[in-house]
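Numbering (the UniProt record's numbering), first residue to last: 1 to 201. Don't be surprised by glycine CBs; every beta carbon is placed ideally from N, CA and C. All values reported here derive from a predicted model rather than from experimental measurement. To start, the structure itself, in structure tokens.
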Ligand code: ATP
Ligand code: MG
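Next up, the structure:
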């Protein structure tokens, strides 16, 4: 089995992150957590790439619709539809427009619990409800009410893989094997090495 410190996750800085000049801020948050960047590219995605990305997980349509319905109900509001798939069809159409509007940065980050910890410090999908201290909570004012009013995707700066399985499908969707770099950074010794990297002579 591969050492757990080798877990990898896919992160996309969405067009609003680039336009709002937040790429340095966001990258520094993953970096200071202790994750290691092992792949990076800037692209203007096609609609096919985006649809492909979001439908890699056969459950994504259902789960995303259910999550949206729950978020409305939790606030005592009536969701736009009771059918998760109907909700997601609209989300996907709007997501394609959002994600192809300009350049994005696609990255692979590696480290212990990379998938879970990126999600944790990124914050919940709907920025309005995202916890204080998370990237979405600190930098975004958007909400489902806003995005529904204007029939658009909610702008939340970042995509991060939802699970290890999702990451394992998403990484090859965006990167050739040869585009990912295997290397060491010295701080890994103190983070992961049993002997703390032999600090004393
Ligand atoms: P991502 O997959 O982008 O990391 P996520 O896993 O938090 O974010 P998903 O549920 O997978 O969110 O939805 C993907 C993206 O679709 C969201 O990041 C958001 O931009 C958009 N989106 C999701 N639900 C809604 C909604 N109810 N209304 C508008 N946009 C939505
Ligand atoms: Mg997702």
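| Item | Value |
| --- | --- |
| Which full runs of the alpha helix (DSSP H) of 4+ residues lie inside the segment 153 to 189, going along the chain? | 164 to 174 |
| Under the DSSP definition of a beta bridge, which residues are partnered with residue 39? | 108 |
| With DSSP as the reference, label residue 13 as helix, strand or coil. | strand |
| In three-state DSSP terms, what is residue 8? | strand |
| Does the segment 106 to 119 come within contact of the segment 22 to 41, defined as at least 3 CB pairs closer than 8 Å? | yes |
| Going by DSSP, what residue range makes up the alpha helix (DSSP H) through residue 99? | 84 to 99 |
| Flag residue 52 as yes when its Cβ comes closer than 7 Å to any non-hydrogen atom of the ligand MG, and as no otherwise. | no |
| Would you decide whether residue 271 is buried or exposed? Buried here means 16 or more other CB atoms lie within 10 Å of its CB. | Nothing can be reported for residue 271: it is not among the residues displayed for the chain, which extend from 1 to 201. |
| Residue 53: buried (16+ other C-beta within 10 angstroms of its C-beta) or exposed? | buried |
| Taking the C-alpha atoms as reference points, what is the distance between residue 115 and residue 80? | 31 Å |
| Near the ligand ATP, which residues have their beta-carbon closer than 6 Å to a heavy atom? | 64, 67, 68, 91, 95, 125, 144, 147, 153, 154, 156, 159, 160 and 162 |
| Please report the distance separating the alpha-carbon of residue 84 from that of residue 196. | 49 Å |
| I need the straight-line Cα distance from residue 92 to residue 40, nearest angstrom please. | 25 Å |
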